[in-house]
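Single-structure report; data block below.
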Amino acid sequence: MYRILLVDDEILVRDAIRENIDWGAMDCQLVGDCENGRQAMEFVTEHPVDIVLTDICMPYMDGMELSKFLHEEYPDIFIVIFSGFGEFEYAQKAIQYGVSEYLLKPVTAMELREVIGRVKEKVDEKRGAREQMDSLLRTSEDYRDNALMIRFGAIEGLVSCTRDIQESLYQLERLGIHLDAQSYRVAILDLDAYSQLFQIEADQRQESQLMTFVLFNISDEIVSRENAGIAYQEGSSRVCVLFTGEKNKEFESRIQAVCKEIQEKAGEAIGMGVSVGIGGWVRSLTELHFSHEQAQKGIECRYLLGGNLLINMEDEKEQESGLSIQVFLEDLAEGMKTGEWDLVQSNLDQIVQLIQKARVGKTRACGYLQQIIRTIGLCLGSVTGDHKKELKQRESLQAKIPEQRTFQEAVTLVEEYAKKSFEELQMMNSSSGHRQAALAMDYIKTRYMQPDLNLNQICSYLNISTSYFSTIFKELTGETFIEVLGRLRIEKAMELLESTTLKNYEIAEKVGFADPHYFGICFKKMTGKTPTEYAREKRR
């Protein structure tokens, strides 16, 4: 019997649906009807319901709010939405709340019977899956009541150094497990579906313990068959293998083959990718935690390299400390300014490859991508002249980078920003006036420290008259040449006051002021503080 709840604020609609459907013939029971979402919410908290039929527009709590509540609190309930013609597009947005079907008003009895028939099939599928899972969970619970739990706890305590070694060895020996080998290493096997790579639904979270147990069974069978070590479950979400044997090329190859076979068998059995990190060799049990830590670093490479990863940390070299992308950023900026997209794309690709090769952590990887965004943004701002707008867009995008689940998703955001900015620059540079103004900005930025830099020099460089230049420059930047030069010099002075212990007259000279007194006047006019006051405040 399928339990159905009807929710609609129009009593005539509720009466018509109740009376015109032969619920018993459909093996259904109309367990209740409510006139708004609030009543329905209270009803499902007290009565079991399989299917909810709900209108969109209702007082107190509408159909969208009800769908959101049911999706979050009762994911096993299937939802069917009624909507008027003007509400249909709005109703379709409810797909994020797991809505199964949509019906356009007015609803006929035939249409409703067909929809309920389809939803009943979905209920049956979920019931069958739930029964299968419950059966497997009962099996896994039986296992956990026996020696497996002792085995898991003893080995995990041994590897993590959270238990006395002799106590762990004694427990394992009572189970007939003897850990006496020339060398050891740890591999971590982690199901990708439950990692940050993917958006996890509520029912998937409930499956994680079961799927991890299945992964353990597969790993245990293969490792035991190969006499390569011992598998154990770490916590409730991952499986580890403690490999024991002689450190040589033959056993190294066997370990790789064992991990690869586990990946493949798990994929076939549960339809999920498994990432594997293999730690380095250690000589004694007291050093096992080093191998485990290395294996964990391997798993963390999943952010950079994607899922279904198999990474042997013995093959990895530390490259993070020497990673520098400055040269590539400069070439990328050159490509943005000169209109060479191939140069931009090539340098983007090289930076991404460098980051992946260096196996940097997520924080460092995101930092490098944010540097790329800053470089592109500065190129854009130098042409548009709208520095505040450019800075706001750039900061918004930079904040989104760490929010992406994978490195590739973050890279895609950067590539889209690069392409959009490049096209915007091309459009603006197609105007000769904008092109000349942009060249002037570059000229100023590379020569602002020269005290004798003046308007005539720039006009001579561009081969245009001073009056024409003043017009196009003001149009592009919103400022005059003198205002831009002065602002840039003061901004550079602020950076030096914050990051160095140079004296005021030395900073004045470095940013292009021949007269330190005039530098002080200009600085206070722009910042409201003297250079000394500013330095004292920022250097604390």
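According to the working numbering, the stretch in the sequence shown is residues 586 to 1125, in order. We treat Cβ as the ideally placed atom computed from N, Cα and C, and that holds for glycine.
Across which residues does DSSP place Gly814 in a beta bridge pair? For the purposes of this step, residue 814 is taken as residue 229 along the sequence shown, with counting starting at 1. Paired residue(s): Phe828.
Answer yes if the stretch 1094-1107 comes into contact with the stretch 1069-1085, meaning at least three C-beta pairs across the two stretches below 8 Å, and no otherwise. yes
Beta-bridge pairing of Ile636 - partner residues as DSSP gives them: Sequence index remark: in the sequence shown, residue 636 carries index 51 (1-based). Ile636 pairs with Ile589 and Phe663.
Rounded C-alpha distance that separates Glu903 from Ser876: Counted from its first residue, the sequence shown places residue 903 at position 318. Counted from its first residue, the sequence shown places residue 876 at position 291. With a pLDDT of 48 at Glu903, under the threshold of 50, the modelled position of that residue is not reliable, and the figure given next carries that caveat. Glu903 and Ser876: Cα-Cα distance of roughly 16 Å.
So, helix, strand or coil for Val912, using DSSP? As a first step, residue 912 must be located in the sequence shown, where it is residue number 327. In this structure, Val912 counts as helix in the three-state DSSP scheme.
Helix, strand or coil: which one does DSSP assign to Tyr1103? Looking up residue 1103 in the sequence shown gives position 518. Three-state DSSP puts Tyr1103 in a helix.
List the endpoints of the continuous beta strand (DSSP E) containing Ser685. Here the question's residue 685 lines up with position 100 in the sequence shown. Its beta strand (DSSP E) spans residues Val684 to Leu689.
Taking contact to mean at least 3 C-beta pairs separated by less than 8 Å, is the stretch 934-944 in contact with the stretch 970-986? no
Can you check the stretch 831-867 for any alpha helix (DSSP H) of at least 4 residues that lies completely inside it and give the ranges in chain order? 834-855
Should Gly617 and His632 be called a contact, given that it needs their Cβ atoms to be closer than 8 Å? By one-based count along the sequence shown, residue 617 stands at place 32. By one-based count along the sequence shown, residue 632 stands at place 47. Going by C-beta atoms, Gly617 is nearer than 8 Å to His632.
Just the C-alpha distance for Val700 and Pro644, rounded to the nearest angstrom, thanks. Position 115 of the sequence shown, counted from the first residue, corresponds to residue 700. Position 59 of the sequence shown, counted from the first residue, corresponds to residue 644. Rounded to whole angstroms, Val700 to Pro644 spans 25 Å at the Cα level.
From which residue to which residue does the beta strand (DSSP E) around Asn1089 run? The residue given as residue 1089 occupies position 504 in the sequence shown. It is not in any beta strand (DSSP E) - Asn1089 instead sits in the alpha helix (DSSP H) that spans Asn1089 to Lys1095.
Taking just the CA atoms, how far does Gln930 sit from Thr1031? Counted from its first residue, the sequence shown places residue 1031 at position 446. Counted from its first residue, the sequence shown places residue 930 at position 345. Approximately 25 Å between the Cα atoms of the pair.
Quick one: residues in its chain with C-beta nearer than 8 Å to the C-beta of Thr871, no 5 flanking neighbours on either side, listed in chain order? In the sequence shown, the residue the question calls residue 871 occupies position 286. Taken in chain order, the residues that qualify are Cys746 and Ile750.
Pick from Leu655, Cys613, Cys642 and Leu638 that is closest to Thr630, judged by C-alpha positions: The residue given as residue 630 occupies position 45 in the sequence shown. Of the candidates Leu655, Cys613, Cys642 and Leu638, the one whose C-alpha sits nearest the C-alpha of Thr630 is Leu655.
Just confirm the distance between the C-beta atoms of Gln955 and Ile986, as a whole number of angstroms; I'd bet it's less than 8 Å. By one-based count along the sequence shown, residue 955 stands at place 370. By one-based count along the sequence shown, residue 986 stands at place 401. Confirmed, Cβ separation roughly 6 Å.
Report, in whole angstroms, the separation of the C-beta atoms of Thr829 and Gly814, which I expect to be a contact under 8 Å. In the sequence shown, the residue the question calls residue 829 occupies position 244. In the sequence shown, the residue the question calls residue 814 occupies position 229. Yes, Thr829 and Gly814 are in contact; Cβ-Cβ is about 5 Å, under 8 Å.
Please report how far the alpha carbon of Ala1022 lies from the alpha carbon of Lys1059, in whole angstroms. Along the sequence shown, read from residue 1 onward, the residue named residue 1022 stands at position 437. Along the sequence shown, read from residue 1 onward, the residue named residue 1059 stands at position 474. Each residue's alpha carbon lies about 9 Å from the other.
According to DSSP, is Gly892 helix, strand or coil? Here residue 892 corresponds to residue number 307 of the sequence shown, with the count starting at 1. In the structure shown, Gly892 sits in coil (DSSP, three-state: anything other than H, G, I, E or B).
Compare the beta carbon distance of Gly858 and Ile884 with 8 Å and say whether it is the shorter of the two. Locating residue 858 in the sequence shown gives position 273, counting from the first residue. Locating residue 884 in the sequence shown gives position 299, counting from the first residue. No. Outside cutoff.
Looking at Leu800 and Leu827, is the spacing between their C-beta atoms short of 8 Å? As a working mapping, residue 827 is identified with position 242 in the sequence shown. As a working mapping, residue 800 is identified with position 215 in the sequence shown. In this structure, Leu800 does not lie closer than 8 Å to Leu827 by Cβ.
Work out the CA separation of Asp927 and Asn1183 for me, nearest whole Å. Because the chain spans 586 through 1125 in this model, residue 1183 falls outside it and cannot be assessed.
DSSP-derived helix/strand/coil call for Gly617: Within the sequence shown, the letter at position 32 stands for residue 617. Of the three classes helix, strand and coil, the one that applies to Gly617 here is strand, per DSSP.
DSSP beta-bridge partners for Ile773? Taking the first residue of the sequence shown as 1, we reach residue 773 at position 188. Ile773 pairs with Cys825 and Gly862.
Consult DSSP for Glu1009 and reduce its assignment to one of helix, strand or coil. Locating residue 1009 in the sequence shown gives position 424, counting from the first residue. In the structure shown, Glu1009 sits in a helix (DSSP, three-state: H, G or I).
Is the CB-CB distance between Asn590 and Cys619 below 8 Å? Taking the sequence shown and counting its residues from 1, the one referred to as residue 590 is at position 5. Taking the sequence shown and counting its residues from 1, the one referred to as residue 619 is at position 34. In the sequence on display, residue 590 carries Leu and not Asn. Taking 8 Å as the Cβ cut-off, Leu590 and Cys619 qualify as a contacting pair.
So, helix, strand or coil for Ser745, using DSSP? Start at 1 with the first residue of the sequence shown, and residue 745 comes out as number 160. In this structure, Ser745 counts as helix in the three-state DSSP scheme.
Do the stretch 734-742 and the stretch 846-860 make contact, defined as three or more Cβ pairs closer than 8 Å? no
Thr1056 lies in the alpha helix (DSSP H); which residues open and close that run? Counting from 1 along the sequence shown, the entry for residue 1056 is found at position 471. Thr1056 -> alpha helix (DSSP H) spans Thr1051 to Thr1062.
Consult DSSP for Glu899 and reduce its assignment to one of helix, strand or coil. Along the sequence shown, one-based indexing puts residue 899 at 314. In the structure shown, Glu899 sits in coil (DSSP, three-state: anything other than H, G, I, E or B).
Measure the C-alpha to C-alpha separation of Leu638 and Tyr888 and round it to an integer number of angstroms. Mapped onto the sequence shown, residue 638 falls at position 53. Mapped onto the sequence shown, residue 888 falls at position 303. One C-alpha to the other measures close to 41 Å.
With DSSP collapsed to three states, give me the class of Ser768. In the sequence shown, the residue the question calls residue 768 occupies position 183. Strand at Ser768.
Bridge partners of Ser668, per DSSP? As a working mapping, residue 668 is identified with position 83 in the sequence shown. Partner(s): Leu689.
Looking at the structure shown, is Glu819 part of a helix, part of a strand, or coil, going by DSSP? On the sequence shown, position 234 is the one that residue 819 refers to. In this structure, Glu819 counts as strand in the three-state DSSP scheme.
Going by other Cβ atoms of all chains shown within 10 Å of its Cβ, with 16 needed for buried, is Ser1084 buried or exposed? Taking the sequence shown and counting its residues from 1, the one referred to as residue 1084 is at position 499. Ser1084 should be labelled exposed.
Buried or exposed for Ala787, please, with buried defined as at least 16 other CB atoms from any protein chain shown within 10 angstroms of its CB. For the purposes of this step, residue 787 is taken as residue 202 along the sequence shown, with counting starting at 1. At Ala787, the pLDDT of 47 sits below 50, so the modelled position is not reliable; the number obtained from the coordinates is stated separately. Its Cβ having fewer than 16 others within 10 Å, Ala787 is exposed.
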